[in-house]
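S.K.: Numbering (the working numbering), first residue to last: 5 to 130. Just so it is clear, CB atoms sit at the ideal spot from N, CA and C, and this is done for glycine as well. Provided herewith is a single structure, encoded as structure tokens, for subsequent inquiry.
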Amino acid sequence: MAPDLTRYLRLPVDADDGFPQSFRLALGAATYTVALTVTVVEEERLRGGRPLVLPEDGAFMVASVTRESPGAPEVVLRRKLVPYLELEAAELSLVFLSMVVDPRNLGAAGAYGSEVRAGVAVRWAL
């Protein structure tokens, strides 16, 4: 069943910044750090310059979400990503619609056509 996308706000991923990347997100009463990494198991996948449509065999994206707090930050999510799968991260819900990464954006910034479309919603208030 497809998620109800009307309740999601666009997650501010800028694929042109390359991967890995992280950014802070203030939502509700909390602030989070969202980190996205791409793993490619075999270097042959990067030859030829074909964009990676993730996940695919031997290549995937992982999201980590950390909630900032007065004490130590708390990791509320660390998962491999699957398109259209709603992920629960404590009081947040995340969904990644598409993850296309040009190999030139692995470890480097640039406008190579990479695109990550994702959303975030608050499940309940803190």
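Which first and last residues belong to the beta strand (DSSP E) in which Phe27 is found?
M.R.: Per DSSP, Phe27 belongs to the beta strand (DSSP E) from 25 to 31.
S.K.: Classify Arg71 as helix, strand or coil using the three-state DSSP reduction.
M.R.: Looking at Arg71 - three-state DSSP - the assignment turns out to be strand.
S.K.: Val38: which of Phe23, Thr70, Leu110, Glu46 sits nearest, CA to CA?
M.R.: It is Thr70.
S.K.: Indicate whether the contact test is met: 3 or more Cβ pairs, each with one atom in the segment 105 to 117 and one in the segment 72 to 90, closer than 8 Å.
M.R.: Segments in contact, no.
S.K.: From Arg14 to Asn109, what does the alpha carbon distance come to, in whole angstroms?
M.R.: For Arg14 and Asn109, the distance between alpha carbons rounds to 21 Å.
S.K.: Leaving out the 5 sequence neighbours to the left and right, which residues in its chain are closer than 6 Å to Arg82 when beta-carbon positions are compared?
M.R.: Contacts found: Ser68.
S.K.: Tell me the start and end of each unbroken beta strand (DSSP E) in the segment 66 to 116 that is at least 3 residues and wholly inside, in chain order.
M.R.: Counting only runs of 3 or more, we get 78 to 84, 91 to 93, 96 to 105.
S.K.: Within this structure, are the beta carbons of Gly62 and Val42 separated by less than 8 Å?
M.R.: No, the pair does not count as a contact, with Cβ atoms beyond the cut-off.
S.K.: Please check the pair Phe27 and Val105, which I expect to be a contact at CB under 8 Å, by giving their CB distance rounded to whole angstroms.
M.R.: Actually they are not in contact, since the Cβ atoms of Phe27 and Val105 sit about 16 Å apart, beyond 8 Å.
S.K.: Would DSSP call Ala125 helix, strand or coil?
M.R.: Three-state DSSP puts Ala125 in a strand.
S.K.: When the Cα of Val138 is compared with those of Thr10, Leu101, Glu47, Ser97, which residue comes out closest?
M.R.: This structure cannot speak to residue 138, because the chain is shown only from 5 to 130.
S.K.: Which whole-angstrom value is the C-beta distance of Gly123 and Pro55, which I expect to be below 8 Å?
M.R.: Incorrect: roughly 22 Å between the Cβ atoms, too far for contact.
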